[in-house]
Structures are given as structure tokens and as C-alpha cells.
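Worksheet for the structure shown next.
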Amino acid sequence: MPLALCLALGAPAGAETLRAHYALSLMGLSIGSAYASGVVDPQTYRVEISMRTTGLANLINNARGAASASGGLTLAGPSPASYANTTSNSDETRTVRMSLAGNAVRTVDVRPAPWDAEARIPVTESAKRHIVDPVSALIMRVPPGEQLTGPSACNRTISVFDGVTRFDVELAYAGDHVAQIRGYAGPVTVCSARYMPIAGHRPDSSSTRYMANNHDISVWLAPLPDAHVVVPIHIAIGTAAGRLVIDASEFEINQRRADSRR
């Protein structure tokens, strides 16, 4: 067994609990909020996220969503076991449930199926392997021995499948920053991001083409030292309607030790 793997498996039974509140804004105007909570330890994770629009955004499309994911943490990163997501707006409610093993989809159930499913690029079985779900994608493992800030925190390509669409997110190091918000004051790593559609999308979609050519996406990553991972604390996306910002107004990380009698 490689030494690095032995060290990872033999890490102290410590866990970090994460609780975060994010404010959503478009062109500086508040449009909603999101909440995230979870437990991450050196071998496993469980994360839950909820989101809702507020204020003026509700006049256009009253949207809500909740998602959860759990699985194991390997040296390569998250290995999800389950993913669930329910989103609703003024027109419909959609639920996605997915089970996974070895970073491959075992089963996926989407209800209702997209009305334009036949017009979308088919997602092949090979495209459902070597992937993570959208929630697990927010937990990014930094290689053992590498610092939790700097290029090692950013430089990666994340392959994501959300039950309908398959896409890659390519992150590249863009600098460092110091964040100071309620619950957290410390270094964060700034990454530029690119969205690359793979399958499950409509080839004639103007929004997909816009995002694929979008060079105005950035994310700040904050470290969780015990699990040796980084997670987003700030996301900014240039859109056709203006700049969308998802910004943590509260971000609390707490160390928790497992019961040594287990």
C-alpha cells in the first residue's frame, strides 16, 4: 500500500463542520439567498444546500431548490454515493435522484424528464464515468503535501453530471486574497473558471454557447485544513443580464473530534 494512502487512511478521526450563508445578487441588487451545511472528515463528507429567490427576482420567477450529497473522500477527491436535488419555479418542480459508485453513475431518476430531451445531445454511458455531482463538486481535494492556498488549490478540471447535463469546470490559479466575514477571517485562493459543455445540452442553446465562451467567471476557495480540501466562499459570473454574485455573508468552520471509544 503506498505511503500516502496509508497516511490518508490513518489520519486522525477529526471532522470539520461547515455552515455558510450566501447572498445572491445581480448587478448589485439582492435576488436571493443560499445556505450550506455539512460535515467533512478525511474519509467522508455529507453536504446539504438550499436556495431561494427573494425580492424583485420573485416577480420574474419564484425559484427554490434543495440538494444534498454524501460519499467518501479519496486522494483524488470526492467519490459520491448519493445525490438528490429538487428545484421548483413558477412553471414546474423537478426532482433528480442519483446513486453512484467509484465516481460512476449507477442509477439516475429525473422527474419529470426535460420536455426537450430528444433535442439534447445524448449523455453516453462513458460520459457518466469519472464524474461528481454538482454538490460534491464544491469539495475540492488538495494533493497531500501541497498547500491549501495558491496554485495547488485551483488548478484542476472538475467533471460534473447533474442527472441531465454533463459538463466540465476548468479552474486556473488567478491570485490570493484575504477574506473577512462573519465566522471566517483568513486567506482564500482566487481561481478563474471556464464552463465546458459535454452532453445533455441543446446544441442550439444560446445560453449554453454564452457560458461556454464566458471568460468572466471567478471563484474564491477557502481551506478546510483537517480534511485538506477547499470550498467556495465567493462566486462571480458574468451573465447577459449582468454580473451574478454568490457571496458568503457567514462562513463558519468548526473542528469536531469523533468519539474515541468507537
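Residue numbering for the sequence shown follows the working numbering, starting at 251 and increasing by one per position.
Where a beta carbon is used, it is the ideal one built from N, C-alpha and C, also for glycine.
This one's a predicted model, so the numbers in the text were calculated from it and none came from an experiment.
Same chain only: Cβ atoms within 8 angstroms of residue i, ignoring 5 sequence neighbours per side
i      : result
THR303 : LEU274, ILE281, GLY282, ASN311, ASN312, ALA313 and ARG314
SER499 : HIS271, TYR272, ALA273, ILE431 and ARG432
THR294 : SER320, GLY321, GLY322 and LEU323
GLY400 : TYR423, ASP426 and THR439
GLU342 : PRO362
Opening and closing residue of the beta strand (DSSP E) in which residue i lies
i      : result
PRO468 : What sits at residue 468 in the sequence shown is Ser, not Pro. Segment 467–474, the beta strand (DSSP E) holding SER468.
THR515 : Shown here, the chain extends from 251 to 512; a query on residue 515 therefore has no answer.
MET301 : 294–303
HIS380 : Where HIS380 is concerned, there is no enclosing beta strand (DSSP E), given that its DSSP letter is neither H nor E.
HIS427 : 416–431
PRO364 : Premise fails: PRO364 is in no beta strand (DSSP E) and is neither H nor E.
PRO482 : 479–489
Boundaries (first-last residue) of the alpha helix (DSSP H) holding residue i
i      : result
PRO447 : Here PRO447 belongs to no alpha helix (DSSP H); instead the beta strand (DSSP E) covers 434–449.
PRO401 : 401–404
SER456 : 456–462
Among the options, nearest to residue i - alpha-carbon criterion
i      : options                           : result
ALA316 : ALA424, VAL290 and ARG347         : ARG347
ALA490 : GLN505, ASP476 and TYR460         : TYR460
ASN464 : SER402, GLU420 and ALA319         : GLU420
ILE467 : PRO362, PRO364, ALA443 and SER409 : ALA443
GLY327 : GLU375, ASP454 and VAL385         : VAL385
TYR333 : ASP341, ALA377, VAL355 and THR343 : VAL355
GLU266 : VAL481, ILE487 and THR415         : VAL481
THR415 : VAL469, ALA377 and GLN397         : ALA377
THR374 : ALA429, ALA449 and ARG391         : ALA449
GLN397 : LEU350, ASN335 and LEU471         : LEU471
GLU298 : SER318, GLY488 and LEU279         : SER318
ALA462 : ASP454, TYR445 and VAL469         : TYR445
8 angstroms contact criterion, which residue i and residue j should meet: CB distance rounded
i      : j      : result
HIS451 : ILE371 : 6 angstroms
LEU474 : LEU325 : Actually they are not in contact, since the Cβ atoms of LEU474 and LEU325 sit about 16 angstroms apart, beyond 8 angstroms.
PHE411 : PRO447 : Not quite, the Cβ-Cβ distance comes to about 12 angstroms (not below 8 angstroms), so this is no contact.
ALA478 : ASP497 : Looking at the sequence provided, one finds His at residue 478 rather than Ala. Not really, about 25 angstroms apart at Cβ, beyond 8 angstroms.
VAL382 : PRO330 : 6 angstroms
SER402 : PRO393 : 6 angstroms
ASN353 : HIS380 : 5 angstroms
Cβ shell of residue i (< 6 angstroms), same chain only, five flanking positions each side left out
i      : result
TYR285 : HIS271 and SER300
GLY492 : LEU276 and MET277
GLY413 : VAL346, MET348, VAL358 and VAL360
TYR434 : PHE501
ILE408 : ALA387 and VAL419
THR458 : PRO447 and HIS451
ALA369 : ARG452
Own chain partners of residue i with C-beta closer than 7 angstroms, once the 5 adjacent residues on each side are dropped
i      : result
ASP366 : ARG452
GLY425 : VAL440
LEU309 : Because LEU309 sits at a pLDDT of 45, beneath the cut-off of 50, its placement in the model cannot be relied upon, and the point is left open.
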